[in-house]
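Chains as they are written, first to last, in the working numbering: chain A, 26 to 346; chain B, 5 to 340.
Step one of this worksheet: look at the structure below.
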């Protein structure tokens, strides 16, 4: 059974990603307009929107490969002007290096991050020992994902679902501060999609468990998806990007931003639980005839403050001492 | 039948063998017809000579008759000379009659298989030359040419790789090198040979310079294009997110991914490089395949020439297959 979001007390104090008035255009074509987002640590945020509205453009701005034309994207206060170790990415296609086996693909990041080219050439024996360690770690992770039998296979020899699982392992083993998933399940069949969605729920469950232990949640994820059902199922927050609003001539902006129901991996997949929210998203994000102001459904932080106040213990009466 | 309908392996092998047999048969027929033509020509020449000698015989016999009427001292001298001339004429006549009956002329422009073997292969594989400077042509010539070719190819590939990678990765480098390379790659390499002969002395370095100059623009552009087209930018971005430095993106991602294309590009450049080298050796070398071909061309003796051509073709095939096998072994993920 889905439950409403738990209310971590310090969500606003631990912001991993901040987008401030992000705008982007290609020549005379305006794509993004005044996109404002704050993503706290440990959140799984789904980004939905009509095709071509600029979701991938926003993701690239966050990744740092295509910085915005105006506004800022900050990762723990540091501008995202180039891709680096702090952000992991899983693409829909071109997810793996074709010249490496599955195990080598997963271990690749450890090699690049922990050693240098000169170390690998000049201290070959030390590197060989470290390499065995990396491959053992990669093999363990692949085993957890049910891919131990395919770790010596090249990407060409793997199915689409297996490739995306390896790509996810490749990103997760690096423990990035922010994991970006750009329609990672778009090319997969229904059964494989559901399997991958369950994997994401596992990561959210690990976040929840970490919070309960008062530890830092390990995974902060932004997933771009076309599927609203998927967004509501795997994420704990849904953000809708759309050009269908009263100021559409300036480009797409955030027109929906609310919490999503929390599912646990063992919960049944109850799509009826969020039917009303789905209708709301369809109206706010996908209605081409919309002329409402874009901030009408943007209330995540307001709702969070309200929920925090309502779930906080009652303050003692004045003069009670 | 539909376009690209596959055929069985047996058909493929059978048709391939049939093509080779056809080529061999065509050569045999050509060679035989050339031999026949040369023999017919020899017969005609012999008949003409016999006719000329018959006229000379009549003339000599008349002179012998006139000499018998001369005075004693002069007559004997004249008769001795005329009889000597008559004997020589008879000897020549006998030789020409033999040639007319059994012409033995050999055409070496399209040699028969036996000539290719005896005067081509055997001669090329056995020590030739004067007592102190005997050499086995095939070993000497192929070794000298191979030294030049392999050295030049290694240098050309190494330099093209570095430049090609830089051109593919850095737009400034591409903008600088692309215009001259685009121009130079269109210049026929054989046309610049005289420039190299004049600018660089005729030595080992000249051959290297010629081959590197001709291969570098094409190979560098090919590698640069491969970097830009064969590598999705998403993979490069991903490498950065995995902690790769700029050098590691080029070496560990880009170079490794285009390595099979580099091997293929180098493999395809061996033919043009060898063509240019043989042309240069033909013109100015004192040793090597081109030099030997020039020597035998000047004698119109194609026996050694054909043998060298066949061996070059076979070596080329072997090297090609070796490189393909090498690419498959080094890059098993690339497939065929």
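Beta carbons: idealized from backbone N, C-alpha and C, even for Gly.
Just so we're clear, the structure is a prediction, and the values are computed from it rather than from any experiment.
Close Cβ partners of residue i (< 7 Å) along its chain, the five nearest in sequence each way excluded
| i | result |
| --- | --- |
| residue 54(B) | 97, 100, 101, 104 |
| residue 165(B) | 227, 266 |
| residue 325(A) | 262, 282, 283, 284 |
| residue 343(B) | Residue 343(B) cannot be examined here, being either before or after the span of chain B that is shown, 5 to 340. |
| residue 312(A) | 269 |
| residue 177(B) | 170, 171 |
Identity of the residues DSSP links to residue i by a beta bridge
| i | result |
| --- | --- |
| residue 156(A) | Answer by DSSP bridge pairing: none, since residue 156(A) is not bridged. |
| residue 267(A) | 278(A) |
| residue 70(A) | 247(A), 262(A) |
| residue 301(B) | Residue 301(B) pairs with nothing; no bridge assigned. |
| residue 322(A) | 281(A) |
| residue 103(A) | 100(A) |
| residue 203(A) | 112(A) |
| residue 132(B) | 139(B) |
Residue i, enclosing beta strand (DSSP E) - first and last residue
| i | result |
| --- | --- |
| residue 65(A) | 54-65 |
| residue 96(A) | 95-100 |
| residue 115(A) | 112-115 |
| residue 43(A) | 40-51 |
| residue 63(B) | Per DSSP, residue 63(B) belongs to no beta strand (DSSP E); it is in the alpha helix (DSSP H), 13-71. |
Sequence-distant residues of the same chain with beta carbon closer than 8 Å to residue i, five excluded per side
| i | result |
| --- | --- |
| residue 340(A) | Any reading at residue 340(A) must be qualified, since the residue scores a pLDDT of 47, below 50, and its modelled position is unreliable; the value itself is stated next. If we look at residue 340(A) and ignore the five residues flanking it on each side, it has no Cβ neighbours. |
| residue 123(A) | 179, 180, 181 |
| residue 212(B) | 152, 155, 156, 159 |
| residue 201(A) | 110, 111, 112, 113 |
| residue 87(B) | 68 |
| residue 310(A) | 73, 74, 75, 265, 266, 267, 269, 280, 281 |
Short CB-CB distance (under 7 Å) between residue i and chain B
| i | result |
| --- | --- |
| residue 87(A) | no |
| residue 247(A) | no |
| residue 314(A) | no |
| residue 114(A) | yes |
| residue 15(A) | Because chain A here runs from 26 to 346, residue 15(A) falls outside it and cannot be looked at. |
| residue 90(A) | yes |
| residue 110(A) | yes |
| residue 93(A) | no |
| residue 144(A) | no |
| residue 244(A) | no |
| residue 325(A) | no |
| residue 185(A) | no |
| residue 104(A) | no |
| residue 123(A) | yes |
| residue 134(A) | yes |
| residue 27(A) | Note that residue 27(A) scores 39 on pLDDT, short of 50, meaning its location in the model is unreliable; the coordinates nonetheless yield the value given after this. No, because no Cβ of chain B sits closer than 7 Å to the Cβ of residue 27(A). |
Neighbourhood of residue i by C-beta, 6 Å cutoff - its chain only, sequence neighbours within 5 removed
| i | result |
| --- | --- |
| residue 258(B) | 231, 235 |
| residue 282(B) | 293, 294 |
| residue 214(A) | none |
| residue 168(B) | 224, 227, 228 |
| residue 138(B) | 131 |
Short CB-CB distance (under 7 Å) between residue i and chain A
| i | result |
| --- | --- |
| residue 168(B) | no |
| residue 241(B) | yes |
| residue 247(B) | yes |
| residue 261(B) | yes |
| residue 333(B) | no |
| residue 244(B) | yes |
| residue 337(B) | yes |
| residue 238(B) | yes |
| residue 252(B) | yes |
| residue 233(B) | no |
The ligand MN heavy atom lying under 6 Å from the CB of residue i
| i | result |
| --- | --- |
| residue 121(B) | In terms of ligand content, the structure shown is empty, and the ligand MN therefore cannot be addressed. |
Range covered by the alpha helix (DSSP H) that runs through residue i
| i | result |
| --- | --- |
| residue 137(A) | 127-139 |
| residue 302(A) | 300-310 |
| residue 219(A) | 215-237 |
| residue 217(B) | 208-234 |
| residue 142(A) | 142-147 |
| residue 267(B) | 260-288 |
| residue 108(B) | No alpha helix (DSSP H) holds residue 108(B); DSSP gives it neither H nor E. |
Quick check: the region 267-278 of chain A against the region 238-253 of chain A, are there 3 or more CB pairs under 8 Å? Contact between the region 267-278 of chain A and the region 238-253 of chain A is absent: fewer than 3 CB-CB pairs across the two stretches fall below 8 Å.
Indicate whether the contact test is met: 3 or more Cβ pairs, each with one atom in the region 98-112 of chain A and one in the region 222-240 of chain A, closer than 8 Å. They do not touch, by the three-pair rule.
Inter-stretch contact (C-beta, 8 Å, three-pair minimum) for the region 322-336 of chain B and the region 131-148 of chain B: Contact between the region 322-336 of chain B and the region 131-148 of chain B is absent, because fewer than three Cβ pairs lie under 8 Å.
Does the region 249-262 of chain A come into contact with the region 71-80 of chain A, if we say contact requires no fewer than three beta-carbon pairs (one atom in each stretch) closer than 8 Å? Short answer: they touch.
Between the region 324-338 of chain A and the region 290-301 of chain A, can you find at least three pairs of beta-carbon atoms closer than 8 Å? Segments in contact, no.
Does the region 181-193 of chain A come within contact of the region 229-236 of chain A, defined as at least 3 CB pairs closer than 8 Å? Cβ pair count under 8 Å is below three, so no.
Does the region 128-139 of chain A come close enough to the region 156-169 of chain A that 3 or more CB-CB pairs lie under 8 Å? As far as the Cβ criterion goes, the region 156-169 of chain A touches the region 128-139 of chain A, which means the pair count is three or higher.
With contact counted as at least three CB pairs below 8 Å, one residue from each stretch, are the region 104-120 of chain B and the region 30-45 of chain B in contact? Yes: the two stretches touch, three or more of their Cβ pairs being nearer than 8 Å.
If contact is defined by three or more beta carbon pairs under 8 Å, each pair taking one atom from either stretch, is the region 75-88 of chain A in contact with the region 38-51 of chain A? Short answer: they touch.
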